[in-house]
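Peer 1: For reference, the structure I am asking about is given below.
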Amino acid sequence: MARDSVCDVVVVGAGVVGAACAYYAARAGLDVVVVDRGPVAGGTTGAGEGNLLVSDKPPGPELDLALLSTRLWRQLAAEPPFARAVEYEPKGGLVVASEERGLAALNALADEQRRCGVEAEPVAADRLRDVEPGLAPGLAGGVFYRQDAQVQPALAAAYLIREARAAGARVRTGETVTALLRTPGGALRGVRTGRGELHAPAVVNAAGVWGGEVAALAGATLPVRPRRGFILVTQPLPPLVRHKVYAADYVADVASDSAALQTSAVVEGTASGPVLIGASRERVGFERGVSLPVLRRLAAAAIGLFPALATVDAIRAYLGFRPYLPDHLPAIGPDPRAPGLVHACGHEGAGVGLAAATGLLVARVLLGEPAPLDLAAFRPERFAPPGAHTRRGEDAQPAEETEASKC
Amino acid sequence: MNGVTRPQSPDGVLRLAVIGAGPAGMEGAVRAADGAVAVTVIDAGPAAGGQFHRQPSPLLHALPPASQARLPSWSPSWLPSPALAPHRAGRGWAALKSRFDRHVAAGRVRHLADHHVWFAERAGGGFRVHALVGPAQQSSIRVDADALLLATGAYERVLPFPGWTLPGVVTAGGAQAMLKGSLVLPGREVVVAGTGPLLLPVAAGLAEAGAVVKALIESADMRALLRPAPALAAAANPGKLAEAAGYAARLAQYRIPVRSRHVVVAAHGGERVEAVTVAALDALGHVLPGSQQRISCDSLAIGHGLLPHLGLALTLGARVEDEPAPAVVVDGEQRTCVPALWAAGEASGVGGAALAQVEGEIAGRSVAAWSRGPRRAWQDEDHARSPAWTSAERRRGRRREFFAALDAVYARDVTWAERVDDDTTICRCEEVRAGAIRRVLRDDAASDPRTVKLLTRAGMGWCQGRMCAPAVAGLLAERSAARERGGAEGGGAPGPSALVSSRPFARPVPLGVLATLPPDEEEGTDEQP
Numbered sequence: 003m004a005r006d007s008v009c010d011v012v013v014v015g016a017g018v019v020g021a022a023c024a025y026y027a028a029r030a031g032l033d034v035v036v037v038d039r040g041p042v043a044g045g046t047t048g049a050g051e052g053n054l055l056v057s058d059k060p061p062g063p064e065l066d067l068a069l070l071s072t073r074l075w076r077q078l079a080a081e082p083p084f085a086r087a088v089e090y091e092p093k094g095g096l097v098v099a100s101e102e103r104g105l106a107a108l109n110a111l112a113d114e115q116r117r118c119g120v121e122a123e124p125v126a127a128d129r130l131r132d133v134e135p136g137l138a139p140g141l142a143g144g145v146f147y148r149q150d151a152q153v154q155p156a157l158a159a160a161y162l163i164r165e166a167r168a169a170g171a172r173v174r175t176g177e178t179v180t181a182l183l184r185t186p187g188g189a190l191r192g193v194r195t196g197r198g199e200l201h202a203p204a205v206v207n208a209a210g211v212w213g214g215e216v217a218a219l220a221g222a223t224l225p226v227r228p229r230r231g232f233i234l235v236t237q238p239l240p241p242l243v244r245h246k247v248y249a250a251d252y253v254a255d256v257a258s259d260s261a262a263l264q265t266s267a268v269v270e271g272t273a274s275g276p277v278l279i280g281a282s283r284e285r286v287g288f289e290r291g292v293s294l295p296v297l298r299r300l301a302a303a304a305i306g307l308f309p310a311l312a313t314v315d316a317i318r319a320y321l322g323f324r325p326y327l328p329d330h331l332p333a334i335g336p337d338p339r340a341p342g343l344v345h346a347c348g349h350e351g352a353g354v355g356l357a358a359a360t361g362l363l364v365a366r367v368l369l370g371e372p373a374p375l376d377l378a379a380f381r382p383e384r385f386a387p388p389g390a391h392t393r394r395g396e397d398a399q400p401a402e403e404t405e406a407s408k409c
Numbered sequence: 015m016n017g018v019t020r021p022q023s024p025d026g027v028l029r030l031a032v033i034g035a036g037p038a039g040m041e042g043a044v045r046a047a048d049g050a051v052a053v054t055v056i057d058a059g060p061a062a063g064g065q066f067h068r069q070p071s072p073l074l075h076a077l078p079p080a081s082q083a084r085l086p087s088w089s090p091s092w093l094p095s096p097a098l099a100p101h102r103a104g105r106g107w108a109a110l111k112s113r114f115d116r117h118v119a120a121g122r123v124r125h126l127a128d129h130h131v132w133f134a135e136r137a138g139g140g141f142r143v144h145a146l147v148g149p150a151q152q153s154s155i156r157v158d159a160d161a162l163l164l165a166t167g168a169y170e171r172v173l174p175f176p177g178w179t180l181p182g183v184v185t186a187g188g189a190q191a192m193l194k195g196s197l198v199l200p201g202r203e204v205v206v207a208g209t210g211p212l213l214l215p216v217a218a219g220l221a222e223a224g225a226v227v228k229a230l231i232e233s234a235d236m237r238a239l240l241r242p243a244p245a246l247a248a249a250a251n252p253g254k255l256a257e258a259a260g261y262a263a264r265l266a267q268y269r270i271p272v273r274s275r276h277v278v279v280a281a282h283g284g285e286r287v288e289a290v291t292v293a294a295l296d297a298l299g300h301v302l303p304g305s306q307q308r309i310s311c312d313s314l315a316i317g318h319g320l321l322p323h324l325g326l327a328l329t330l331g332a333r334v335e336d337e338p339a340p341a342v343v344v345d346g347e348q349r350t351c352v353p354a355l356w357a358a359g360e361a362s363g364v365g366g367a368a369l370a371q372v373e374g375e376i377a378g379r380s381v382a383a384w385s386r387g388p389r390r391a392w393q394d395e396d397h398a399r400s401p402a403w404t405s406a407e408r409r410r411g412r413r414r415e416f417f418a419a420l421d422a423v424y425a426r427d428v429t430w431a432e433r434v435d436d437d438t439t440i441c442r443c444e445e446v447r448a449g450a451i452r453r454v455l456r457d458d459a460a461s462d463p464r465t466v467k468l469l470t471r472a473g474m475g476w477c478q479g480r481m482c483a484p485a486v487a488g489l490l491a492e493r494s495a496a497r498e499r500g501g502a503e504g505g506g507a508p509g510p511s512a513l514v515s516s517r518p519f520a521r522p523v524p525l526g527v528l529a530t531l532p533p534d535e536e537e538g539t540d541e542q543p
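Taken in order, these protein sequences are the chains called C and Y. The first sequence lines up with residues 3 to 409 when you count with the working numbering. The second sequence lines up with residues 15 to 543 when you count with the working numbering.
Below you can see the structure in the form of structure tokens.
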């Protein structure tokens, strides 16, 4: 068999999560082939803001994952070319509350987060504009999260892919996985693509919002669904927004199960000058039509935080689909229903931030080494098969409550 | 579109919105209004006419007649965007303008001049068009319509070369717009370069207005134009050929040296352009070694043909093709694949003002026929073989053939990329150089414009890729060809429309305007009474 059709692991997906899996696996000495039907960062990665956040996560398994990932991104940033290559900015996040009640809830959340290792510093109302001079007057207060950072997500994926290639990985873009190959016993033995077969004892499902389709190729259910978001992009500006700034209700929106439109202001400057304005969440399938009401609400919310934005031009808007699972936690780890299949998808809006930790954990699973984090909450088989308890079109409910985090 | 029931407007009159008031938009508006359709024309220009019939600023009419006499006094009707047209385009333009003005005066056509469309969407079975009100552009109005005609025109394709971002380098059309709109010359000693039929009147126009045109540098073989090939002669009517032939005389009259099969390989200068280096091309389009020659000048007008504005069409979901040339795909009645959406003029394929006007006529008549009831498309009616249809179709066919023959003379500059060194700026807005793009094509296996944009920022800036899309496509083609030579699958480079396809805004819009749009948008309600 030709050498180029055999490897240790096939990573399906060249988004930031697949790139991180390939990076850690290749650097650990595994022979990796990354396959993507599109280009590098062609899916949700390319439509994201590049947030590396701990601030928006309440205590629980996702926060543990985010804290690990934050440490790993910092390690990556210590490699000299990294920061410049991916526009890494460890600039911190500022969460603001407009009213006392919201501030109380925000402070309560920050108290809990601090106990888990999050650096969260309360910012009094009269100090908010020392931290962010452009903020509107009259806000009740906020919390500053020093660990929040930002990368340009497509550059981050491309960087990790390049480094993985330097460590021996091969990357095949524009190639679609059409089948997963299995042994008579049911274990995976590779993939079939539009260009032939690739033989490997392990396959990583890093197909993002299409992760459910890849799982289905192995006969496994993984209810990954799209949750649409828009981002408005302004003209390049001199520094106006120093940190990632968002309203406290964002945290509630992230955790919401509602299919209806939610918008909360998330505003941040970029290394290149434009200000990015999010975040909207809707469950409308893969509908790509531009929704003016969503953009209107995003613009209004952003101006509410930064009044000077009113006269700034929006030059672009784009949309993306967050891959979400019903309990808002990703699927990371081996799938007992299809030995050899390892999932790394369903990160919703946090895929860039969680990519580093996911990549490391997947590499440990592939090597059979102990993971630095309990993967129980991310078990891919935790969802009931569709139709068992739900009507068509509804989300499957988690089979059980998410386990309590260790903190 | 057939079979789609037309939406019922409150007063029973079909409402058509026309975007663009060039020849296609004006003629389309007139024909639809002739058929009792209520028309709203939305256009960025201060007066109707578009690029072709661009009017000098009203202030300039106060100039003494002596200064006006120095303006170019002719204009070829088959060219996309020639000099001061009203004099020469003469009866055709005067008649169109008077028919348009009559409808405006009678209230059958509402003309929103200095309105800048930034977004169009499908709504309530029809369309909703949003436009900033100029010149301040700090408020937005909304036009609701049952049908929409895109007559959005074209802009200039510019292929970069070393030095093209120096002050003093302008687009050929830009030079002409300066001349037509403000009666200003780009410089005293001008080199006109690039390719396409626009360069001829630009060179002659600049000379007539008093500039010294140091050279006309055309990468195509112009002998095929000045001594027309049989195909061109067969497709053209005699008047147009006479126009074409007339250029030789005019260029000679002003002693403009014409270098056919030549290109500008670099512009030089510190503060602004001081000279250009030109070189001859060999039979395969490569620079002929040793043919480089320096020409001193204080300005350079460049253009490499025209590209249609396709952003709104893409946003509305209309099918767009990149080959053989970028265009919205339309049927015989200028209908797009989106119900109730028509496209005419350069939007449905660059072909000049005369073609645009007849396409506008067909589109306008088609809308009018459709307004008389569902399925009553023009061709379906009893006068399907009416003289009006036959005549319009014949004129359109002839003009398309003529332009196709002309286009064949101006064959695409396929060797452009090899004259671009890595330091050459490709995307001006984001200051992305060719080397950065080549690097992601090579190291990151980028093979589509979107990935190039994500990894280099080319096309992310102010113009949203309008300027750099053809150049990015050219570098993709260069990489693809190199891979094919290396035995890999090339896969063909995607066209420039891929770079603009995900851009919903047709132009920048202030966030304050966006934030204060009428709240009834929120509920997606139907039109206001």
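Every residue gets a Cβ at the ideal spot worked out from N, C-alpha and C, and that includes glycine. What you are looking at is a predicted structure, and each value in this text was computed from that prediction instead of being measured.
Determine, using beta carbons only, whether C/D58 and C/Y252 come nearer to each other than 8 Å.
Peer 2: yes
Peer 1: Where does the unbroken beta strand (DSSP E) through C/A220 begin, and where does it stop?
Peer 2: Unbroken run through C/A220: none, as it is neither H nor E.
Peer 1: By the three-class DSSP mapping on this structure, what secondary structure does C/G170 have?
Peer 2: coil
Peer 1: 8 Å is my cut-off, CB to CB: does Y/V523 come that close to chain C?
Peer 2: yes
Peer 1: Using a cut-off of 7 Å between C-beta atoms, extract the partners of C/A304 located in chain Y.
Peer 2: L525
Peer 1: How big is the Cα-Cα spacing for Y/A281 and Y/A368?
Peer 2: 35 Å
Peer 1: Taking only three categories from DSSP, how would you classify C/A92?
Peer 2: Residue 92 of chain C is actually Pro in this sequence, not Ala. Here C/P92 sits in coil by DSSP.
Peer 1: Might you give, ordered along the chain, the residues of its own chain that have their beta carbon closer than 7 Å to the beta carbon of Y/L180, omitting 5 neighbours on each side?
Peer 2: A281, G283, R286 and V287
Peer 1: With DSSP collapsed to three states, give me the class of C/R299.
Peer 2: helix
Peer 1: Can a CB atom of chain C be found closer than 8 Å to the CB of Y/D457?
Peer 2: By this cut-off, Y/D457 is an interface position.
Peer 1: What residues in its chain sit with their C-beta under 6 Å from that of Y/R45, if we drop five residues either side in the sequence?
Peer 2: E375, G378 and R379
Peer 1: Report the neighbours of C/P41 on chain Y: residues whose CB is nearer than 7 Å to its CB, in chain order.
Peer 2: A460, S461, D462 and T465
Peer 1: Specify the secondary structure class of Y/K194 as computed by DSSP and reduced to three states.
Peer 2: helix
Peer 1: Which stretch, first to last residue, makes up the beta strand (DSSP E) that contains C/P325?
Peer 2: D315 to Y326
Peer 1: DSSP on C/A22, reduced to helix/strand/coil?
Peer 2: helix
Peer 1: Please identify, using Cβ separations under 8 Å, the residues of the stretch 173–197 of chain Y that lie next to chain C, in order along the chain.
Peer 2: none
Peer 1: So with Cβ pairs under 8 Å, would you call Y/A529 a contact of chain C?
Peer 2: yes
Peer 1: Please tell me whether C/I317 has its Cβ less than 8 Å away from any Cβ of chain Y.
Peer 2: Yes, because at least one Cβ of chain Y sits closer than 8 Å to the Cβ of C/I317.
Peer 1: Which term fits Y/A189, buried or exposed, when burial requires 16 or more other beta carbons within 10 angstroms of its beta carbon?
Peer 2: buried
Peer 1: Please report the Cβ distance between Y/A358 and Y/E373, rounded to the nearest whole angstrom; I am assuming they are in contact, meaning their Cβ atoms lie under 8 Å.
Peer 2: 4 Å
Peer 1: By how many angstroms is the C-alpha of C/D329 removed from the C-alpha of Y/Y424?
Peer 2: 60 Å
Peer 1: Since Y/W178 sits in a beta bridge, which residues does DSSP pair it with?
Peer 2: Its beta-bridge partners do not exist; DSSP assigns none.
Peer 1: How far does the beta strand (DSSP E) with C/V269 in it extend, from its first residue to its last?
Peer 2: Q264 to G271
Peer 1: Quick one: using the 10 Å Cβ neighbour count with 16 as the cut-off for buried, is C/D132 buried or exposed?
Peer 2: exposed
Peer 1: Along chain Y, which residues have their Cβ under 9 Å away from the Cβ of C/I233?
Peer 2: Within 9 Å Cβ-Cβ: nothing; C/I233 doesn't reach chain Y, min ~11 Å.
Peer 1: For C/V145, count neighbouring Cβ atoms within 10 angstroms of its own Cβ and tell me buried if that reaches 16, exposed if not.
Peer 2: buried
Peer 1: Comparing the C-beta of Y/F133 with each C-beta of chain C, is any distance below 8 Å?
Peer 2: Closer than 8 Å to some Cβ of chain C, the Cβ of Y/F133 qualifies, so yes.
Peer 1: C/V14: which of C/N207, C/A316 and C/A340 sits nearest, CA to CA?
Peer 2: C/N207
Peer 1: Compute the distance between the beta-carbons of Y/S233 and Y/L531, then report whether it is under 8 Å.
Peer 2: no
Peer 1: At the 8 Å Cβ level, is C/G104 part of the contact set with chain Y, yes or no?
Peer 2: no
Peer 1: Short of 7 Å in beta carbon distance, which residues of its chain neighbour Y/A520, apart from the five on each side in sequence? Order them along the chain.
Peer 2: V131, W132, F133, G325 and L326
Peer 1: Any C-beta of chain C sitting closer than 8 Å to the C-beta of Y/R517?
Peer 2: yes
Peer 1: What residues in its chain sit with their C-beta under 6 Å from that of C/L55, if we drop five residues either side in the sequence?
Peer 2: D150 and G355
Peer 1: Write down the C-beta distance between C/E102 and C/A142 rounded to the nearest angstrom, noting that I regard them as a contact closer than 8 Å.
Peer 2: 5 Å
Peer 1: So which of C/G40, C/R298, C/T360 and C/L65 has the shortest CA-CA distance to C/G119?
Peer 2: C/L65
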